[in-house]
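Everything below concerns the one structure shown next.
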Amino acid sequence: MKGVDLKTLIRYAVLMALTTVMTMVIHIPTLGTNGYLNLGDMVVFMAALTLGRKGGLIVGGVGSAMADLLLGYTHYVPVTLIVKGMEGYIAGRILETDLGRSKPIIATTMGGIFMALGYFAFEIFMYGKGAVASIPGNIAQGLLGAVTSVMLYASLRRTSIFS
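Numbering of the sequence shown is given in this note's numbering, commencing with residue 7 and proceeding in unit increments.
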């Protein structure tokens, strides 16, 4: 990352680690699937909100894939790297627009919707029609991350944490 200062690199590292931890530590099982809700997406969206599309891409992909690796979901690691990375990138890209800046919930929600569709596209090959069962849980996961990240970001902007 040529031209990136130490403070930014530290933010990337902390947010990647926090994504991994928040994905692994808080598990709320979803009905009908082997999935679970977690707060990892909140951190992915915080990266997009604070570091932009590049930060959302790197933090989302690497932090989430690391959680899958450590939790033993090794077959999901490559997909998670792409899907969660793109989730953060899409949110960050929309946040660069006037609409995204004025209504960040739209940007984070769109990232979450992409995540649900991305996992569905992968799972259709693994589970066939049964992949449909994962859509509600993944949408809930994306919305949980979207809402909590925007609320946290709004609160933290009132502090000196981003200066």
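Positions of the beta carbon are idealized from the N, C-alpha and C atoms, including for glycine.
Along the chain, where does the alpha helix (DSSP H) containing residue i start, and where does it finish?
i, result
"ALA171", "For residue 171 there is no data in the structure shown, the boundaries of the chain being 7 and 169."
"GLU102", "Per DSSP, GLU102 belongs to no alpha helix (DSSP H) and is neither H nor E."
"VAL50", "46 to 64"
"ALA71", "70 to 77"
If you reduce the DSSP assignment to three classes, tell me which class residue i lands in.
i, result
"ILE111", "helix"
"LEU12", "helix"
"LEU24", "helix"
"ILE130", "helix"
"ILE167", "coil"
My assumption, with CB atoms under 8 Å, is that residue i sits in contact with residue j. Please give the rounded CB distance.
i, j, result
"GLY117", "ALA97", "3 Å"
"LEU76", "MET30", "6 Å"
"MET48", "SER155", "5 Å"
"PRO110", "TYR159", "7 Å"
Rounded to whole angstroms, what's the CA-CA distance from residue i to residue j? Just pull it up for me.
i, j, result
"SER70", "LEU101", "21 Å"
"ALA137", "LEU87", "19 Å"
"VAL27", "LYS135", "32 Å"
"ILE141", "VAL10", "37 Å"
"GLU129", "GLY67", "18 Å"
"GLY240", "MET72", "Residue 240 lies beyond the range of the chain shown here (7 to 169); nothing can be said about it."
"MET157", "PHE131", "36 Å"
"SER166", "HIS81", "41 Å"
"LEU63", "ASP104", "20 Å"
Which partner residues does residue i have in the DSSP bridge list?
i, result
"PRO35", "TYR42"
Any beta carbon from chain B within less than 9 Å of residue i's own beta carbon?
i, result
"VAL27", "Considering every chain present, this structure includes no chain B. It has just one protein chain."
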